[in-house]
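With the working numbering, the residue at position 81 of the sequence shown is 92, and numbering never jumps. Right, one structure below, let's go through it.
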Amino acid sequence: MKLEDLRKLRTLADAKYRARQQLFQNLVQRENALRADLSRLEEQSRAANVHSDPDMRSIGADVIWKAWLGKARASLNMKLALVLAEKDQHVRQVRRAYGKVLAADGLLQKIGEDSERKRRAAELERAIEMTLPATKR
12 MKLEDLRKLR TLADAKYRAR QQLFQNLVQR ENALRADLSR LEEQSRAANV HSDPDMRSIG
72 ADVIWKAWLG KARASLNMKL ALVLAEKDQH VRQVRRAYGK VLAADGLLQK IGEDSERKRR
132 AAELERAIEM TLPATKR
């Protein structure tokens, strides 16, 4: 593989990795937002239990509130489960994309080391040729 082709491959792998990483970060933000919503909902539930109004109980508003609370909690948990499932997929994709970046980096490093070794060998060869007497050449 040519060095220039490998550099292009590394650039493409890095771009794909960064895109995957950005998608993953978006999922993490969605997860955090859903967890925050669930936390707020739990806080509201606790506050409602502490400050329960007897008048609200008498007209059945507490039952309606608890039903709404259960539906809202179930909806948020379902959304969170979907995000977590998608996040799990993206973790694998990000890891695979990063592995490709590391592989391309390793190949570039190996080619760089090989070319450096060849350059040094050529310099050594030239230095030896210059130091030999003209008769031995």
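Backbone N, C-alpha and C define an ideal beta-carbon position, used for all residues, glycine too. Since this is a predicted model, take the numbers as computed values, not measurements.
Close-in-space but distant-in-sequence residues of the same chain around residue i (CB under 7 Å, 5 per side omitted)
i	result
Gln32	Val105
Trp76	Ala59
Selected residue, minimal CA-CA separation from residue i, among the options
i	options	result
Leu34	Glu127, Leu113, His101 and Arg131	His101
Glu97	Val39, Lys19 and Leu14	Val39
Glu15	Ala115, Asn88 and Ile70	Ala115
Leu20	Pro144, Val112, Arg57 and Leu135	Val112
Coarse secondary structure for residue i, derived from DSSP in three states
i	result
Arg148	Note that Arg148 scores a pLDDT of 49, beneath 50, so its modelled location is shaky; the value from the coordinates is reported in the next line. Reduced to three states, the DSSP call for Arg148 is coil.
Gly123	helix
Leu34	helix
Gly117	helix
Proximal residues to residue i (C-beta, below 8 Å), its chain only, five neighbours per side dropped
i	result
Arg169	Outside the displayed range of the chain (12 to 148) lies residue 169, so it cannot be described from this structure.
Asn43	none
Arg148	Caution is warranted here: a pLDDT of 49 is assigned to Arg148, below 50, making its placement in the model unreliable, and the coordinate value is therefore given only provisionally. Closer than 8 Å at Cβ, skipping near neighbours: Glu140.
Arg18	Leu119
Leu49	Arg84, Leu87, Asn88 and Leu91
Same chain only: Cβ atoms within 6 Å of residue i, ignoring 5 sequence neighbours per side
i	result
Ala108	Lys27, Tyr28 and Arg31
Residue i at chain C interface by Cβ criterion, 8 Å
i	result
Glu140	Judged by its chain identifiers, the structure shown contains no chain C, having just a single protein chain.
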